[in-house]
Amino acid sequence: MAKSKIRFLWKWPQWLLELLSWGKSFKNNPIIGSYWLNLCGLHVARVVLAQLLFRFRLLLLAPLVPAADRREFQENGFILKENFLPAEQFAQLAEELERYEGDVREFVEGTTLTQRTFMTHHVRDGMAELKALADNRQLDCLMRYCSSKNRPPLFYIENLCNHANVTPRPDPQRDMHADTFHPCVKGWLYIDPVDDSNGPYIYVPGSHKLSWARLKWEYRQSLEACKQGAARAPGRYWDGSFRVSAAALEEMGFAPRKFCVPANTLLIGNVYGFHRRGEALAPSNRMTVWMQARDNPFNPLFTLWPRSTARAFEWGWGRVLERLDRGKLASGEQRSFRGRFSRQLTRG
Ligand SMILES: [Fe+2]
6 MAKSKIRFLW KWPQWLLELL SWGKSFKNNP IIGSYWLNLC GLHVARVVLA QLLFRFRLLL
66 LAPLVPAADR REFQENGFIL KENFLPAEQF AQLAEELERY EGDVREFVEG TTLTQRTFMT
126 HHVRDGMAEL KALADNRQLD CLMRYCSSKN RPPLFYIENL CNHANVTPRP DPQRDMHADT
186 FHPCVKGWLY IDPVDDSNGP YIYVPGSHKL SWARLKWEYR QSLEACKQGA ARAPGRYWDG
246 SFRVSAAALE EMGFAPRKFC VPANTLLIGN VYGFHRRGEA LAPSNRMTVW MQARDNPFNP
306 LFTLWPRSTA RAFEWGWGRV LERLDRGKLA SGEQRSFRGR FSRQLTRG
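The working numbering applies: residue 6 is where the sequence shown begins, and numbers increase by one.
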């Protein structure tokens, strides 16, 4: 009893730190998940403050990208660029990724086998085409602006194997959701063309904005997410990635858009906006260079040293991944292997 009390006391500084940064779990953090605090508006206060600071940082970083890109991002919540790389450069990049051999993490979502590799700058240094992409001035500026943090993103290669020969598991990617309570971005450069056969990305344009209707929805969801015990339905809802129903979307006046795009398309999206992975109708692959740039939403400042800050984040995230790996490997949720991505489901 005394032991658990001491552990509880030890946890308080961590919970407070999470509250003041990107912590979002209503389940694991009793402050974020407090019914009474959320009834008094804790969650909506975090949502509003994070949005205001995001807008402030975007304003300061405006010189990084042309006005048309800024308008597209702020109006729709995403930037879409077809034929992003010169054709020859893209073909060489696709070939390099096809040939890639290294450490791959593999796990099941629904009937999809997801393979992912964290591409640190050490790994990229050995891959001329991927390094050229990461150093691409236009991509660098877009990601640094859209993240509002002036920091280059973390890079991954993600290869989906749709309808793979696996034992199905719940698939959180298929539910329409917002990743978290604050604006943050992910980016994808599509190596395969995307259509209904291999699961297009679905995004709700404009849903990244904080309207009055969205704020009311956030308030209701925050109270729902505080439920405990048997009242708490299973699923990923409680980690703070709120799911949204089709009815609620319609009520807020939104219509989802499906991104069937050719290979060599760049998509950068604010994942505070609602999104999901569309159904894949056939056994197929979908490979992307996947980028992520999440940061403390309550820090009003951005870095003045983009490259070294990116390296520091990369190092830190590498340590976190190692810790997460241990748990997931032990539970059987994840498998790791050294080798190539599985590409046998790719259309000829
Ligand atoms: Fe998501």
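Note that beta-carbon positions come from the ideal geometry of N, C-alpha and C, so glycine has one too.
Open item on the list: Just to confirm the assignment: which complete alpha helix (DSSP H) runs, minimum length 4, are found wholly within the stretch 130-157?
Closed with: Qualifying alpha helix (DSSP H) stretches, in chain order: 133-139, 142-151.
TODO: Look at the Cβ atom of Y105, then the Cβ atom of C231, and state whether they are nearer than 8 Å.
DONE: Position 100 of the sequence shown, counted from the start, is the residue given in the question as residue 105. Position 226 of the sequence shown, counted from the start, is the residue given in the question as residue 231. Not a contact, by the Cβ cut-off of 8 Å.
- [ ] Using only alpha-carbon positions, find the residue among A67, R142, L272 that is nearest to H280.
- [x] Translated into the one-based positions of the sequence shown, residue 280 becomes position 275. It is L272 whose Cα lies nearest to the Cα of H280.
Task: For E163, three-class secondary structure by DSSP - done: Locating residue 163 in the sequence shown gives position 158, where the first residue counts as 1. In the structure shown, E163 sits in a strand (DSSP, three-state: E or B).
Task: C-alpha gap between P35 and K16, whole angstroms - done: Mapped onto the sequence shown, residue 35 falls at position 30. Mapped onto the sequence shown, residue 16 falls at position 11. Answer to the nearest angstrom: the Cα atoms are 10 Å apart.
Task: The beta strand (DSSP E) enclosing D74, as first and last residue numbers - done: Taking the first residue of the sequence shown as position 1, residue 74 is located at position 69. Element bounds for D74: not the beta strand (DSSP E) but the alpha helix (DSSP H), 72-81.
Task: Heavy atoms of ligand 1 versus C-beta positions, residues under 6 Å - done: Residues flagged by the Cβ proximity filter: H182, D184, V276, H280.
TODO: State the CB to CB distance for the pair H168 and T116, rounded to an integer number of angstroms; the pair is presumed to be in contact (CB under 8 Å).
DONE: Taking the first residue of the sequence shown as position 1, residue 168 is located at position 163. Taking the first residue of the sequence shown as position 1, residue 116 is located at position 111. Correct: roughly 5 Å between the Cβ atoms.
Task: Distance cut-off 7 Å: L102 Cβ against heavy atoms of ligand 2 - done: Only ligand 1 can be found as ligands here, which leaves ligand 2 out of the picture.
Open item on the list: Suppose you measure from the CA of S227 to the CA of W217; what does that come to, to the nearest Å?
Closed with: Locating residue 227 in the sequence shown gives position 222, where the first residue counts as 1. Locating residue 217 in the sequence shown gives position 212, where the first residue counts as 1. Between S227 and W217, the C-alpha separation is close to 15 Å.
TODO: Would you tell me roughly how many angstroms separate the C-alpha atoms of A251 and V52, rounded to the nearest one?
DONE: Here residue 251 corresponds to residue number 246 of the sequence shown, with the count starting at 1. Here residue 52 corresponds to residue number 47 of the sequence shown, with the count starting at 1. C-alpha separation (whole angstroms): 22 Å.
Task: Same chain, Cβ closer than 6 Å to L118, five either side skipped, listed in chain order - done: The sequence position of residue 118 within the sequence shown is 113, counting from 1. Cβ within range, chain order: C166, A169, V171.
Task: Inter-residue spacing [alpha-carbon to alpha-carbon] between Q79 and L147 - done: Start at 1 with the first residue of the sequence shown, and residue 79 comes out as number 74. Start at 1 with the first residue of the sequence shown, and residue 147 comes out as number 142. In this structure, the CA atom of Q79 is about 13 Å from the CA atom of L147.
TODO: Use the C-beta contact count for S289: other C-beta atoms within 10 angstroms, 16 or more gives buried, fewer gives exposed.
DONE: Here residue 289 is taken as the residue at index 284 of the sequence shown, counted from 1. Buried: at least 16 other Cβ atoms inside 10 Å.
Task: Where A315 sits in the DSSP three-state scheme - done: The residue given as residue 315 occupies position 310 in the sequence shown. When secondary structure is reduced to three states using DSSP, A315 falls in the helix class.
Open item on the list: Could you compute how far the alpha carbon of G353 sits from the alpha carbon of R291?
Closed with: Along the sequence shown, read from residue 1 onward, the residue named residue 353 stands at position 348. Along the sequence shown, read from residue 1 onward, the residue named residue 291 stands at position 286. Reliability fails at G353, whose pLDDT of 47 lies under 50, so the model's placement of it is uncertain and the value that follows must be treated cautiously. Counting only the Cα atoms, R291 lies some 13 Å from G353.
Open item on the list: Please classify L329 as buried or exposed, where buried requires at least 16 other C-beta atoms within 10 Å of its C-beta.
Closed with: Taking the sequence shown and counting its residues from 1, the one referred to as residue 329 is at position 324. Residue environment analysis places L329 among the exposed positions, since fewer than 16 neighbouring C-beta atoms fall within 10 angstroms of its C-beta.
TODO: Please report the Cβ distance between F112 and Q339, rounded to the nearest whole angstrom; I am assuming they are in contact, meaning their Cβ atoms lie under 8 Å.
DONE: The count along the sequence shown starts at 1 and reaches residue 112 at position 107. The count along the sequence shown starts at 1 and reaches residue 339 at position 334. Between Q339 and F112 the Cβ distance is about 5 Å, and since that is below 8 Å, they are a contact.
Open item on the list: Tell me the rounded alpha-carbon separation between A50 and S246.
Closed with: As a position in the sequence shown, residue 50 is number 45, starting the count at 1. As a position in the sequence shown, residue 246 is number 241, starting the count at 1. Roughly 17 Å separates the two Cα atoms.
TODO: Would you mind sorting W320 into buried or exposed? The rule is 16 or more other CB atoms within 10 Å of its CB.
DONE: Position 315 of the sequence shown, counting from 1, holds the residue named residue 320. Classification for W320: exposed.
- [ ] Report the three-state DSSP secondary structure of D108 (helix, strand or coil).
- [x] Counting from one through the sequence shown, the residue named residue 108 turns up at place 103. Residue state for D108 is assigned as strand, using DSSP reduced to three classes.
Open item on the list: If the criterion is Cβ atoms closer than 8 Å, does the pair C121 and R129 meet it?
Closed with: Here residue 121 refers to the residue found at position 116 of the sequence shown. Here residue 129 refers to the residue found at position 124 of the sequence shown. Looking at the sequence itself, residue 121 is Arg, so the reference to Cys does not match. Result no, Cβ atoms of R121 and R129 do not sit closer than 8 Å.
Task: As assigned by DSSP and simplified to three states, the class of E103 - done: As a working note, residue 103 is residue 98 in the sequence shown. Here E103 sits in helix by DSSP.
- [ ] For my contact list, W193 and T293 are in at a C-beta cut-off of 8 Å; report their separation, rounded to the angstrom.
- [x] By 1-based counting over the sequence shown, the position of residue 193 is 188. By 1-based counting over the sequence shown, the position of residue 293 is 288. A Cβ-Cβ distance of about 4 Å is found for the pair W193 and T293, placing them in contact under the 8 Å criterion.
Task: Cβ-based burial, W295 [other Cβ within 10 Å; buried from 16] - done: Taking the first residue of the sequence shown as position 1, residue 295 is located at position 290. It is buried - the Cβ of W295 has at least 16 other Cβ atoms within 10 Å.
- [ ] Starting from K191, follow the beta strand (DSSP E) in both directions and report where the run begins and ends.
- [x] Position 186 of the sequence shown, counting from 1, holds the residue named residue 191. It spans 190-195 - the beta strand (DSSP E) in which K191 sits, taken as one unbroken run.
- [ ] Determine, using beta carbons only, whether E87 and P210 come nearer to each other than 8 Å.
- [x] Start at 1 with the first residue of the sequence shown, and residue 87 comes out as number 82. Start at 1 with the first residue of the sequence shown, and residue 210 comes out as number 205. Not in contact: E87 and P210 (Cβ atoms no closer than 8 Å).
Task: Endpoints, alpha helix (DSSP H) assigned at Y40 - done: In the sequence shown, counting from the first residue as 1, residue 40 sits at position 35. That run of the alpha helix (DSSP H) goes 40-44.
TODO: Evaluate K154 with the Cβ neighbour count: other Cβ atoms within 10 Å of its Cβ, from every protein chain shown; 16 or more gives buried, anything less gives exposed.
DONE: Along the sequence shown, read from residue 1 onward, the residue named residue 154 stands at position 149. By the neighbour-count rule (16 or more Cβ atoms within 10 Å), K154 is buried.
Open item on the list: Under 8 Å, with one C-beta from each stretch per pair, do the stretch 300-309 and the stretch 21-31 reach the 3-pair mark?
Closed with: Contact between the stretch 300-309 and the stretch 21-31 is present, because at least three Cβ pairs lie under 8 Å.
- [ ] Report, in whole angstroms, the separation of the C-beta atoms of Y150 and T270, which I expect to be a contact under 8 Å.
- [x] Counted from its first residue, the sequence shown places residue 150 at position 145. Counted from its first residue, the sequence shown places residue 270 at position 265. 19 Å between Cβ atoms; not a contact.
Task: First through last residue of the alpha helix (DSSP H) which encompasses K221 - done: Position 216 of the sequence shown, counting from 1, holds the residue named residue 221. Unbroken alpha helix (DSSP H) run through K221: 217-229.
Task: Integer-rounded CB distance, given that E103 should sit under 8 Å from E134 - done: Residue mapping note: residue 134 aligns to position 129 of the sequence shown, counting from 1. Residue mapping note: residue 103 aligns to position 98 of the sequence shown, counting from 1. So it is not a contact: roughly 11 Å between Cβ atoms.
Task: Counted within 10 angstroms of its Cβ, other Cβ atoms place S9 as buried (16 or more) or exposed - done: Along the sequence shown, read from residue 1 onward, the residue named residue 9 stands at position 4. Exposed, by the Cβ-count rule.
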